[in-house]
Amino acid sequence: MKSADKNYAGSSPGARLEDVLVKFTTGDLVNIIGDEVLSLADAAISADKDRLVDVAAQRLRSDIELFEFGKAGRLLTRNLSSEKRDELQQRIDGAEGSVQTGSSSHRSLVAQFFGVSQSAETIDIAPPHVSTVSADYALFEHQRSVVRRTQAKIGGGNGRTVIHMPTGAGKTRTAMHYACSELNRSENGVIIWLASGKELLDQATEAFTTAWSHLGNRSVELVRFWGNHSPDPSLIEDGIIVAGLQKMHHWHRSDPIRALRLGVKSRLVIVDEAHQAIAATYRTVIEGLTEAGQHNALLGLTATPGRTWSDVSHDQELADFFSGSKVALEIPPYDNPVEYLLKDGYLARPTFHTLRYVDDADEHTIPSMVGSNDYDAAEIDHISASRPRNLAILKAVADLIAKGHTRILVFAASVEHAKLISAVLSLEGTESSSVTAETPDGSRRALLRRFKKRSSKPIVLCNFGVLTTGFDAPATSAAVIARPTKSLVLFSQMVGRATRGPKAGGNAESEIITVHDPNAPGFGDVAEAFFNWEDVWNE
């Protein structure tokens with residue numbers, strides 16, 4: 001028997017329809033095709049048996065009722081070998097329920113045996129009275145609640161608030177729903193989305209493109225304004241500008257008149273990683289954009305609504321900038337939404353380990369420096385050169401690989417530290433790369449794409465300063481935090497890179513290893529971190 005071609009749709013082995021039809025007499029083939037067809041065809045074609053076989057097969061495939069036993073079904077069965085007739089009978093006998101000769105069930109089984117199945121398109125089924133229509137860019141109920149409460153806070157376009165959602169809860173998607181609703185509501189409206197870092201900016205443009213293609217009511221402009229993207233932002237009339245904070249600051253300072261024109265057009269300014277909004281350089285830009293026109297709505301996005309771990313004055317300044325208004329993720333009856341996200345599989349449940357080391361040759365420790373936002377770079381460089389410390393980091397990575405982790409992030413203490421750890425890992429036979437602000441864009445994209453692609457081969461990505469936000473690699477199941485920090489914001493961001501849960505394409509569990517350096521504070525519970533700054537917000 002010939003192998004089944006692309007038209008064969010039955011359950012193998014069965015029999016190929018054309019292989020059986022070729023055994024028919026010309027008269028039998030004519031009976032299937034119909035005299036009226038042949039009467040209109042050229043006589044030479046009508047006498048060509050191969051043509052008759054093809055047309056008969058076409059006819060049978062287009063009209064499954066011809067497989068009734070009293071029609072072509074009897075002839076097809078008669079021209080089978082004895083083994084194939086037995087096989088067909090076994091299928092009929094093995095079918096659920098009683099299959100009577102001449103019934104539609106019998107006809108369907110015979111047709112399927114010959115590789116013909118009734119297409120769904122040929123079945124005339126009346127639509128149900130009630131059906132569910134799915135949304136392609138939907139939100140969960142708790143995300144929709146955030147959008148509703150944000151709309152209430154901002155009101156007619158003059159309010160300020162911060163959306164507070166933990167990493168992995170869909171903060172960007174939720175904010176894009178709100179941004180799209182604002183653009184839909186106002187023709188010739190302009191939204192300005194501000195962020196720092198290429199990853200966050202790329203993420204925002206991709207999210208808006210997807211969101212607007214499903215939610216938008218017209219074509220609008222998407223303006224990129226960071227890095228080598230240098231259009232004139234003031235020329236936009238209807239759409240969204242995704243801009244780097246640093247580039248917007250330089251433009252605002254060098255061309256204040258055009259910046260003023262943009263501010264007049266703006267309906268809403270969104271600041272991703274809202275804690276950056278009160279940095280002196282950025283605050284001026286944000287205030288200039290929000291206070292120039294009739295609408296001065298300002299929306300901040302954050303997983304950590306504070307700037308520090310212990311300096312309440314800085315946290316209070318941030319809260320005041322957003323009028324003390326915050327829309328937090330709420331998931332009744334859970335007191336803490338993070339517990340729900342962990343329990344329901346949106347977040348991986350992290351296990352925290354402390355990596356300790358002893359360096360007898362160096363008694364130097366990191367000073368507390370309470371008055372500083374974070375540790376001095378020179379001190380960090382000094383401690384990252386510790387041989388015992390680096391050997392401990394390398395062993396920790398090896399142990400994670402031995403446990404089965406295939407995607408591991410190392411947050412290094414500096415650019416040189418990232419290069420050092422990556423080079424040693426590569427030398428020891430582990431696939432590893434370093435990604436820093438110095439890495440060329442093309443190389444960075446290739447390295448990140450390679451890391452994001454799932455495989456059983458372990459890959460370790462050592463980075464400094466570029467993958468704490470806007471980088472989403474759900475396969476990441478472990479992180480080594482070798483960067484000392486006093487910032488709970490930064491620590492939470494680093495942890496968040498390795499806590500995507502199964503419902504976000506990630507893992508049920510993750511491991512976080514934090515290098516313990518003398519006098520450096522320790523952080524841990526991600527659920528407790530969600531409420532760390534509650535005392536400075538009014539809600």
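Residue 1 is where the sequence shown starts when you use UniProt numbering, and the numbers rise one by one after that.
Beta carbons are placed, not taken as given, at the ideal position from N, Cα and C, and that holds for glycine.
All values derive from a computational prediction rather than experimental measurement.
What do you reckon, are the CB atoms on residue i and residue j nearer than 8 Å?
| i | j | result |
| --- | --- | --- |
| residue 270 | residue 179 | yes |
| residue 252 | residue 511 | no |
| residue 16 | residue 168 | no |
| residue 40 | residue 30 | no |
| residue 378 | residue 272 | no |
| residue 192 | residue 220 | no |
| residue 421 | residue 394 | yes |
| residue 297 | residue 262 | no |
| residue 484 | residue 375 | yes |
| residue 380 | residue 480 | no |
| residue 436 | residue 415 | yes |
| residue 150 | residue 161 | yes |
| residue 338 | residue 458 | no |
| residue 396 | residue 329 | no |
| residue 540 | residue 222 | Because residue 540 is not part of the residues shown, which for the chain are 1 to 539, the question remains open. |
If contacts are defined as beta-carbon pairs under 8 Å, then residue i and residue j qualify, I think. What distance do you get, rounded to the angstrom?
| i | j | result |
| --- | --- | --- |
| residue 515 | residue 327 | No, residue 515 and residue 327 are not in contact; Cβ-Cβ is about 35 Å, not under 8 Å. |
| residue 348 | residue 497 | Residue 348 to residue 497, Cβ: 11 Å. No contact. |
| residue 405 | residue 478 | 4 Å |
| residue 21 | residue 56 | 5 Å |
| residue 206 | residue 466 | That belief does not hold up - the Cβ atoms of residue 206 and residue 466 are roughly 17 Å apart, past 8 Å. |
| residue 248 | residue 194 | 6 Å |
Can you tell me where the alpha helix (DSSP H) with residue i in it begins and where it stops?
| i | result |
| --- | --- |
| residue 154 | 141-154 |
| residue 338 | 337-343 |
| residue 402 | 387-402 |
| residue 273 | Per DSSP, residue 273 belongs to no alpha helix (DSSP H) and is neither H nor E. |
| residue 20 | 17-21 |
| residue 546 | One cannot answer for residue 546 here, as it falls past the ends of the chain, which runs 1 to 539. |
| residue 225 | Run containing residue 225: none in the alpha helix (DSSP H); it sits in the beta strand (DSSP E), 221-225. |
| residue 52 | 49-62 |
| residue 263 | 256-265 |
| residue 426 | 415-427 |
| residue 175 | 171-185 |
Quick check on the DSSP output: the beta strand (DSSP E) that includes residue i runs from which residue to which?
| i | result |
| --- | --- |
| residue 302 | 297-302 |
| residue 408 | 407-411 |
| residue 463 | 459-464 |
| residue 347 | Unbroken run through residue 347: none, as it is neither H nor E. |
| residue 510 | 509-515 |
| residue 164 | 160-164 |
| residue 242 | 239-244 |
| residue 436 | 431-436 |
If you compare alpha carbons, which of the options is closest to residue i?
| i | options | result |
| --- | --- | --- |
| residue 74 | 32, 59, 165 and 467 | 32 |
| residue 282 | 243, 315, 304 and 424 | 243 |
| residue 65 | 225, 27 and 104 | 104 |
| residue 238 | 266, 211, 249 and 188 | 188 |
| residue 138 | 174, 447 and 131 | 174 |
| residue 279 | 290, 258, 293 and 321 | 321 |
| residue 109 | 85, 177 and 126 | 85 |
| residue 255 | 444, 100, 289 and 227 | 289 |
| residue 212 | 424, 177 and 473 | 177 |
| residue 26 | 52, 357 and 19 | 52 |
| residue 276 | 264, 259, 266 and 301 | 301 |
Measuring straight from C-alpha to C-alpha, what distance separates residue i and residue j?
| i | j | result |
| --- | --- | --- |
| residue 502 | residue 451 | 18 Å |
| residue 463 | residue 399 | 19 Å |
| residue 14 | residue 90 | 11 Å |
| residue 122 | residue 113 | Unreliable placement is indicated for residue 122, whose pLDDT of 46 sits below 50; no coordinate value is reported for it. |
| residue 351 | residue 508 | 11 Å |
| residue 490 | residue 129 | 53 Å |
| residue 494 | residue 111 | 60 Å |
| residue 245 | residue 292 | 18 Å |
| residue 50 | residue 59 | 14 Å |
| residue 371 | residue 318 | Interpretation of residue 371 is limited by its pLDDT of 45, a score under 50 that renders its predicted location unreliable; the figure taken from the coordinates is listed afterwards. Whole-angstrom Cα-Cα distance: 17 Å. |
| residue 1 | residue 36 | In this predicted model, residue 1 has a pLDDT of only 36, less than 50, meaning its place in the structure is not dependable enough to derive any value. |
| residue 444 | residue 197 | 13 Å |
| residue 95 | residue 72 | 21 Å |
| residue 154 | residue 390 | 49 Å |
| residue 335 | residue 344 | 15 Å |
| residue 18 | residue 54 | 7 Å |
| residue 386 | residue 517 | 11 Å |
| residue 257 | residue 186 | 24 Å |
| residue 68 | residue 79 | 15 Å |
| residue 101 | residue 107 | 8 Å |
| residue 346 | residue 504 | 6 Å |
| residue 342 | residue 170 | 14 Å |
| residue 164 | residue 142 | 12 Å |
| residue 473 | residue 224 | 23 Å |
Of all the CB atoms in chain C, is at least one closer than 8 Å to the CB of residue i?
| i | result |
| --- | --- |
| residue 203 | Within the model displayed, chain C is absent; a lone protein chain is all it includes. |
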